[in-house]
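Below is one structure; the comments refer to it alone.
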Amino acid sequence: MKKLLRRLLLLGALAGAAYAVRGYLRGRSPGQETVQLVFDDGSVRSLASNTTQGQEFTDIARKIVETGL
Amino acid sequence: MTERSEAETAEGLDRVLADLRALSEDIESCAVLSEDRDLLSSSHQPGVERERVAAMLAALVYLSERLARESGKGNISQLRIDAGGGHLLVVRLGDGGVLAATTGPEARVGLVLYDMRNARGEVEKALAEGSDQ
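This is the structure:
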């Protein structure tokens with residue numbers, strides 16, 4: 023039983039590492055800021071893709087990029 | 024705005040956007056959305072697709088305005104979204120309209136935004152010329 027758990031743990035760690043490497047190679051990590059807003063006063067606000075607000079923006083933007091303007 | 028001046032505005036805007044695309048090769052498509060959220064210039068012909076794009080762009084502008092209000096800031100002057108398969112870039116015009124562009128994923132986004140900010144004056148001029156007539 024212990025051996026099985028150890029193997030599962032190792033498998034999970036390997037899968038996590040593979041996901042992280044894939045994200046790194048694609049230049050993106052989970053929750054990376056994908057929306058950047060610049061206000062009139064020059065201040066900047068960034069939204070991560072794993073937030074509700076960030077997701078709202080990226081969902082619409084993805085459709086526009088696919089369709090074209 | 025009369026029908027004729029609308030056509031002249033659209034023609035002027037098309038020219039400015041064509042110049043922008045020639046200058047900034049990373050731009051795949053671009054459009055101008057008026058303050059009233061009408062799509063004044065677009066690569067899409069009038070029809071369902073054009074209305075759909077106008078609605079989606081208007082929704083994005085609404086979201087950014089809401090965020091600005093909630094943050095206690097003025098208006099948004101620029102918006103940049105990495106949408107995975109490409110970028111959506113938006114620059115606000117003086118009258119409340121927006122100039123928007125899409126690029127591929129590998130585009131030099133900073134450079135495109137620089138060109139868009141430079142083209143903003145020409146877009147505003149084309150809009151003003153149309154409304155003067």
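Chains as they are written, first to last, in this note's numbering: chain P, 23 to 91; chain Z, 24 to 156. Glycine included, every Cβ here is placed at the ideal spot set by N, Cα and C.
For residue i, the nearest candidate out of the options (CA to CA)
{"i": "residue 33 of chain Z", "options": "Z/113, Z/52, Z/63", "result": "Z/63"}
{"i": "residue 44 of chain Z", "options": "Z/145, Z/147, Z/138, Z/144", "result": "Z/138"}
{"i": "residue 91 of chain P", "options": "Z/82, Z/89, Z/111", "result": "Z/111"}
{"i": "residue 59 of chain Z", "options": "Z/93, Z/47, Z/82", "result": "Z/82"}
{"i": "residue 95 of chain Z", "options": "P/38, P/67, P/24", "result": "P/67"}
{"i": "residue 136 of chain Z", "options": "Z/72, Z/115, Z/61", "result": "Z/115"}
{"i": "residue 92 of chain Z", "options": "P/83, P/86, P/61", "result": "P/61"}
{"i": "residue 122 of chain Z", "options": "Z/102, Z/134, Z/31, Z/133", "result": "Z/102"}
{"i": "residue 71 of chain Z", "options": "P/38, P/23, P/89, P/27", "result": "P/89"}
Residue i to residue j span [Cα, whole Å]
{"i": "residue 106 of chain Z", "j": "residue 56 of chain P", "result": "7 Å"}
{"i": "residue 78 of chain P", "j": "residue 86 of chain Z", "result": "8 Å"}
{"i": "residue 163 of chain Z", "j": "residue 57 of chain Z", "result": "Because chain Z here runs from 24 to 156, residue 163 of chain Z falls outside it and cannot be looked at."}
{"i": "residue 63 of chain P", "j": "residue 97 of chain Z", "result": "7 Å"}
{"i": "residue 76 of chain Z", "j": "residue 35 of chain P", "result": "43 Å"}
{"i": "residue 83 of chain P", "j": "residue 66 of chain Z", "result": "17 Å"}
{"i": "residue 148 of chain Z", "j": "residue 30 of chain Z", "result": "15 Å"}
{"i": "residue 126 of chain Z", "j": "residue 40 of chain P", "result": "29 Å"}
Supposed close pair residue i, residue j - CB separation, criterion 8 Å
{"i": "residue 130 of chain Z", "j": "residue 49 of chain Z", "result": "4 Å"}
{"i": "residue 80 of chain Z", "j": "residue 54 of chain Z", "result": "7 Å"}
With 16 other Cβ atoms within 10 Å as the buried cut-off, status of residue i
{"i": "residue 68 of chain Z", "result": "exposed"}
{"i": "residue 30 of chain P", "result": "exposed"}
{"i": "residue 74 of chain P", "result": "exposed"}
{"i": "residue 35 of chain Z", "result": "buried"}
{"i": "residue 32 of chain P", "result": "exposed"}
{"i": "residue 133 of chain Z", "result": "exposed"}
{"i": "residue 65 of chain P", "result": "exposed"}
{"i": "residue 151 of chain Z", "result": "exposed"}
Taking a Cβ distance cut-off of 9 Å, strictly less, list which residues of the segment 101-119 of chain Z are near chain P, in chain order. Flagged, chain order: 101, 102, 103, 104, 105, 106, 107, 108, 109, 110, 111, 115.
At a Cβ cut of 7 Å, what residues of the segment 47-68 of chain Z count as close to chain P, listed as they run along the chain? Those residues of the segment 47-68 of chain Z that come within reach of chain P (Cβ to Cβ, closer than 7 Å) are 51, 52, 53, 54, 65, 66.
Within 7 Å of chain P by C-beta, residues of the segment 79-95 of chain Z in sequence order: Cβ contacts with chain P: 79, 80, 82, 83, 86, 87, 90, 91, 94.
Residues of the segment 72-85 of chain P whose Cβ lies closer than 8 Å to any Cβ of chain Z, in chain order: Residues passing the 8 Å Cβ filter: 75, 78, 79, 80, 82, 83, 84, 85.
So if I threshold CB-CB distances at 8 Å, which residues from the segment 125-140 of chain Z count as touching chain P? From the segment 125-140 of chain Z, only 125 have a Cβ closer than 8 Å to chain P.
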